[in-house]
Each structure stands twice: as C-alpha cells, then as structure tokens.
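Notes for the one structure printed next.
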Amino acid sequence: MKITSNFDSGNIKVIEAVDPLNIQLEINKDNQSDFFQWFHFRLETTAFQNHKLHINNLENSAYPDGWEGYHAVASYDRQTWFRVPSEYANGTLSFEVEPECSSMYFAYFAPYSYDRHLDLLAWAQSQHACELETLGETLDGRDMSVLRVGIPSSEKKKIWITARQHPGETMAEWYVEGLLHKLLDDEDPHAAALLSKAVFYIVPNMNPDGSVRGHLRTNAKGVNLNREWQTPSMENSPEVFLVLNKMRETGLDMHLDIHGDEAIPFNFVAGSEGIPGYDDRLKELEDSFKAALLTVTPEFQDEHGYPKDEPGQANLTVGSSAVAHEFNALAYTVEMPFKDNDDLPDPDYGWSDRRSYQFGQDTLAAIVNVVDKLR
Ligand SMILES: [Zn+2]
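Residues are numbered in the numbering used here as their position in the sequence shown, beginning at 1, plus a constant of 86.
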C-alpha cells in the first residue's frame, strides 16, 4: 500500500499507512503560512479490500466548520469525481472505501490541473474574437494570463472575471471554463447579445503557483491574494499587481471574482454595500444582477451568505470591494460550496465540477440583464 501526492496540486502528509484499516493522514500548510484545508492524493493498494482513512488535526485547519457535513471527493479515472460518505468528529475526517481499482484518487474538490488551465488558454485564444495576453510572471515564474473576448471599442462595457485567487477553490476555474465555452460559442444567443455591447477580460487562474503547490489559500510565499488589493506589490503579490494594472489600463464596468466557500452549503454573492460611495445606482445594479441570476438558475439563492457590511465598513483589501470602490462599478464576490447546494442536494456528487461549469454558463446569461445599465 502506498499513498503519494507528488503531482500537480498534490497535498497530503502520511502519518501512518501500514494497516489498511487504520490510515492516518494530515494536510500540509500552505508554504510560509498557517492555512491548510486542500488535500489531494493517490492511494495505491489492493482492490476490493476495505480501507479506513483518517485526516487529522483539522480543528486547526483554516475553516473547521467546513468539515461538518462535508464528504470527500474521489475518482478512479481522474475525470469523474464522486463523493465518499465521510464523518467528522474531534478534528478528524474519516471515510471508509473498498476501492474498485488498485489506484484511487482523493481530493477536497475535483482538481483543476495546471495542464487543463494551459489547455483552456490555448483553446480559447484559437477561437474567433479571443486574444491571450501574458501580463507578467508569478513568483515561481508562471505566466499571469488574461483572455480578452470581443473586439474592444470605447462604447463597449468592460466586464472583468477573475477566478481562483484562493487556489484550493478549484470550482472557480470549472466555473470559468463553462463561462468561456458559452461566451466563445458563436451560436450562443447570450454570448452574441453580450459581445455586441461588451468586451470581457477573463483571468481563469489568479494564483497558478498556489494551485500547482497544492495550497488552499495563498501564493508561493504564503500571501493571501484576496487581502492585497489596496497595496499589491511585485515582491509579494505580483498576481494582483499585474491584474489591477491591466484593469486600470482597460477600464472596468463590472467585475465578478469567483470563489468557493468551505462552510456554507449554498451558492451566493457578496456585494460592495460597505464601500465608501455606495449609492442607489450600485444597489440597483446589484439587485438587477441577483434578480436575473435567481430567474436563470435554481442553483442560486440570496438568503444564505455572509453578513452584510455596515456602511463604510467594507474591507478594501478584498478584490471585489477594492474594485467596486476604485472603479465605482458593479462588483461581486461569487461563492460556490465545497459541500453541496442544500436547496438541490445530490448525495452522489455534491456540488461538483460539472455544476460549477453550468453555474458559470448561467451567470453569463444573467449578465445580459444588466449589461445596458452598467456605467
Ligand atoms: Zn476564496
């Protein structure tokens, strides 16, 4: 029996793996940081034999509440990721499996590999009306890439979509993949309607270093990018520095920053009601977008989410708040669950890569309802 995580976005620490009925594991912290929650590893063993796995020390993880009602994700072929019934007690997540093959993968959520990221960029830039731009380099020397979709002109609205500032939130890039496939489908009516009025700037992965390193929340040197938007620097947060500069160059009329939430089992958005200068226009834009999304998909709801910020109390180091403030624009943080959408639960798959993909497509349809009101 062997447990390994020496691959793209792998993360596990083996404490003991001798007896299949008593496999003891922990999760490594993000480099130079105390955050940990993302795991991804492969079990090689004898098929059709019972195994009990325990991931320990989770009371010290970034979001201990994230483990209540959470079920681990697994795959044999690295294509289909299903849920393994799991239990959480006293800081330990435990699950039992009888593998149907000698090799089985486990992860916190369906991984989105760096190769798949490169494939997405390469495919997109080969489509009509899409251009790939490299803004600069990350600390590990990876490309910071933005896709421009649509022909820029001064009358068109500029819509920015960024994903995966927190690299373990892989659902965010599945969402972008769905959104891009729809936006670049030249027979899609929502895409046609939007591209006659808007240009999209899309960053499918804001944190490629953290993604490859198997981090939950930070970049190569342990910096949480979604707290860097007030004072980004090439030394600590080149990812944000480069993207924010590009936003200033293109202008910005709408921004969606795509995330996953460990604890809350619903899809929801967090707005900019707490920024200085929040007014009726921004409120109306936010309400129109939410109303449209509620109409488009029952996967979205607006009852459960983060507490609203008091007026003037927004944290302006957070991406969507900083952007809403600087550009006086509609900006939302979009959150998807790691667990499931409790309004439409699916015990076999939970919230999944495919549902994230579909949610990205549905979001695009909802933007049609606000595009004329932007700016
Ligand atoms: Zn996040």
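Ideal placement from N, C-alpha and C gives every residue a C-beta, glycine not left out.
Exposed unless 16 or more other CB atoms sit within 10 angstroms - verdict on residue i
i           : result
residue 394 : exposed
residue 49  : This structure cannot speak to residue 49, because the chain is shown only from 87 to 461.
residue 214 : exposed
residue 255 : buried
residue 281 : buried
residue 292 : buried
residue 392 : exposed
residue 369 : exposed
residue 107 : exposed
residue 135 : exposed
residue 365 : exposed
residue 187 : exposed
residue 363 : exposed
residue 104 : exposed
residue 91  : buried
residue 87  : exposed
residue 111 : buried
Cross-strand partners of residue i (DSSP beta bridge)
i           : result
residue 354 : 421
residue 182 : 138
residue 394 : Answer is none; residue 394 lacks a bridge partner.
residue 218 : 233
residue 246 : 287, 341
residue 127 : 192
residue 161 : 191
residue 430 : DSSP, once it has assigned bridges, lists no residue as partnering residue 430.
First and last residue of the uninterrupted alpha helix (DSSP H) at residue i
i           : result
residue 259 : 257–269
residue 347 : Not the alpha helix (DSSP H): residue 347 falls in the beta strand (DSSP E), residues 340–347.
residue 443 : 439–453
residue 411 : 405–413
residue 328 : 324–336
residue 202 : 200–211
residue 279 : 275–281
Where the beta strand (DSSP E) through residue i begins and ends
i           : result
residue 88  : 88–90
residue 110 : 109–112
Which of helix, strand or coil DSSP assigns to residue i
i           : result
residue 231 : strand
residue 302 : coil
residue 382 : helix
residue 147 : coil
residue 99  : strand
residue 319 : coil
residue 372 : helix
residue 170 : strand
residue 400 : coil
residue 377 : helix
Span separating the alpha-carbon of residue i from that of residue j
i           : j           : result
residue 137 : residue 448 : 39 Å
residue 196 : residue 315 : 28 Å
residue 185 : residue 326 : 42 Å
residue 452 : residue 443 : 15 Å
residue 252 : residue 323 : 13 Å
residue 400 : residue 406 : 10 Å
residue 149 : residue 354 : 18 Å
residue 311 : residue 317 : 11 Å
residue 94  : residue 300 : 7 Å
residue 158 : residue 461 : 43 Å
residue 331 : residue 320 : 11 Å
residue 144 : residue 261 : 27 Å
residue 303 : residue 121 : 7 Å
Min CB distance residue i to chain C below 8 Å
i           : result
residue 223 : Any reference to chain C falls outside this structure, which holds one protein chain only.
Residue i CB to nearest heavy atom of ligand 2 below 7 Å
i           : result
residue 446 : This structure lacks ligand 2; the ligands present are ligand 1.
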